[in-house]
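Here is the structure we will look at, set down as structure tokens.
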Amino acid sequence: MFGLFFLAALLIFAVAGGSLTRYQAMDTGVGPALSPPGDHFYMGTDDLGRDVFSGVAYGARVSLLVGFIAAMTGTLIGVSIGSISGYFGGSTDYVLVKVSELFQSVPRLLFALVIVVFFGNTVWNVVVVIGILSWPRMGRLVRSEFLRLRESEFVVAAKALGLGSRGIIFKHIFPNVLHVVIVTASLDVGAAIITEAALSYLGAGDPNLMTWGRMIFNAQRFLRTAWWMSVFPGAAIFFTVLSLNLIGDGLNDALNPRLKGVRR
Numbered sequence: 139m140f141g142l143f144f145l146a147a148l149l150i151f152a153v154a155g156g157s158l159t160r161y162q163a164m165d166t167g168v169g170p171a172l173s174p175p176g177d178h179f180y181m182g183t184d185d186l187g188r189d190v191f192s193g194v195a196y197g198a199r200v201s202l203l204v205g206f207i208a209a210m211t212g213t214l215i216g217v218s219i220g221s222i223s224g225y226f227g228g229s230t231d232y233v234l235v236k237v238s239e240l241f242q243s244v245p246r247l248l249f250a251l252v253i254v255v256f257f258g259n260t261v262w263n264v265v266v267v268i269g270i271l272s273w274p275r276m277g278r279l280v281r282s283e284f285l286r287l288r289e290s291e292f293v294v295a296a297k298a299l300g301l302g303s304r305g306i307i308f309k310h311i312f313p314n315v316l317h318v319v320i321v322t323a324s325l326d327v328g329a330a331i332i333t334e335a336a337l338s339y340l341g342a343g344d345p346n347l348m349t350w351g352r353m354i355f356n357a358q359r360f361l362r363t364a365w366w367m368s369v370f371p372g373a374a375i376f377f378t379v380l381s382l383n384l385i386g387d388g389l390n391d392a393l394n395p396r397l398k399g400v401r402r
């Protein structure tokens with residue numbers, strides 16, 4: 139419940155937050171530098187006189203955009219690879235498993251940092267890189283479910299009736315794997331937000347956008363003198379990821395047929 143409430147509030151804040159202030163996130167000199175939170179600047183100002191409230195609101199749009207699109211990208215890749223690997227097995231499964239292990243063996247953040255620096259640190263490059271690097275977990279989970287279900291009685295019956303592989307995958311197996319996909323995708327959104335924030339903190343984010351990670355990076359020199367510069371974007375990251383994890387847990391409880399059987 140808390141997860142849904144906070145995520146809904148964050149979406150409203152990301153869309154309408156800018157209307158609560160007349161300043162843009164990147165505008166400098168809108169107020170005294172390092173001014174604490176008050177009636178005029180709800181979350182204070184940074185060292186360049188930028189409104190922190192505007193930065194957090196704009197950063198919410200960027201973080202949610204990166205999180206959801208990157209998670210969708212990783213989900214599409216992971217579901218495709220996992221279903222093919224788990225259903226057909228054999229050499230196809232062997233090759234795809236090795237590819238997945240290769241991706242998992244490389245430190246995710248380090249690899250993303252290298253790729254973004256090499257190809258350019260635009261927000262869309264960040265989205266694509268995070269999406270490509272996030273598919274192995276989804277692929278592994280979907281593969282395990284397909285391996286379990288492909289020998290089920292309803293699948294054997296469908297094969298006996300002459301239904302092709304495509305029909306079996308999409309009509310019979312995938313609906314029984316959907317709960318795994320939904321839950322894992324919700325968790326991947328939070329992971330993508332953290333990765334984007336880490337890249338921005340390391341200076342590999344899009345320099346033309348104000349993000350939560352960039353705000354924390356700018357605040358590290360003023361941790362003692364201007365706590366609000368890091369606390370507000372840091373709290374936004376923490377509660378956003380926490381809400382997504384709680385939503386994932388709730389979806390798992392609601393959609394997982396095994397847990398439904400236990401509750402009965």
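Numbered per my numbering, the sequence shown spans residues 139 to 402. Glycine included, each C-beta is placed from N, C-alpha and C at the ideal position.
Sequence ranges, alpha helix (DSSP H) only - wholly within the region 243-331, length at least 4 = DSSP runs (the alpha helix (DSSP H)) wholly in the region 243-331: 246-257, 261-271, 273-287, 291-298.
Going by the CB atoms, is the gap between Ser338 and Arg352 shorter than 8 Å?
-> Yes, they are a contact pair.
Given that a residue counts as buried once 16 or more other Cβ atoms are within 10 Å of its Cβ, and exposed if not, what is Leu234?
-> Counting Cβ neighbours within 10 Å, Leu234 comes out buried, since at least 16 surround it.
Using the rule of at least 16 other Cβ atoms within 10 Å of the residue's Cβ for burial, across every protein chain shown, is Ala147 buried or exposed?
-> Burial call: exposed.
Determine which residues share a DSSP beta bridge with Thr183 and list them.
-> Under DSSP, the beta-bridge partners assigned to Thr183 are Asp189.
Tell me whether Ile253 is buried or exposed, calling it buried when 16 or more other Cβ atoms sit within 10 Å of its Cβ.
-> Burial call: buried.
Output the distance between the C-alpha atoms of Asn383 and Ala329, rounded to the nearest integer angstrom.
-> Looking at the backbone, the Cα of Asn383 and that of Ala329 are separated by about 10 Å.
Span of the alpha helix (DSSP H) around Phe360 = Following the DSSP letters along the chain, one finds Phe360 in no alpha helix (DSSP H), marked with neither H nor E.
Count the other CB atoms, across all protein chains shown, that sit within 10 Å of the CB of Arg304; report buried if there are 16 or more and exposed otherwise.
-> Counting the other CB atoms within 10 Å of its CB gives Arg304 a total below 16, which places it among the exposed residues.
Buried/exposed call for Met410, threshold 16 Cβ in 10 Å = This structure gives no information on residue 410, because the portion of the chain shown stretches from 139 to 402.
Should Val244 go down as buried or exposed, given a rule of 16 or more other Cβ atoms within 10 Å for buried?
-> Exposed: under 16 other Cβ atoms inside 10 Å.
Cβ contact (3+ pairs, closer than 8 Å) linking the region 201-220 and the region 250-266 | Touching, per the Cβ criterion.
Taking three-plus beta-carbon pairs below 8 Å as touching, is the region 154-171 in contact with the region 189-204?
-> Remark: three or more beta-carbon pairs, one from each stretch, lie closer than 8 Å, so the region 154-171 and the region 189-204 are flagged as touching.
Please state whether DSSP places Arg401 in a helix, a strand or coil.
-> Confidence at Arg401 is low in this model, with a pLDDT of 44, below 50, so the placement of that residue should be treated as unreliable; the coordinate-derived value is given next. Three-state result, Arg401: helix.
Could you give the DSSP three-state label for Asn346: helix, strand or coil?
-> Correct three-state label for Asn346: coil.
Cβ-based neighbour list, His310, same chain, cut-off 7 Å, excluding 5 preceding and 5 following | Cβ within range, chain order: Phe292, Val293, Ala296.
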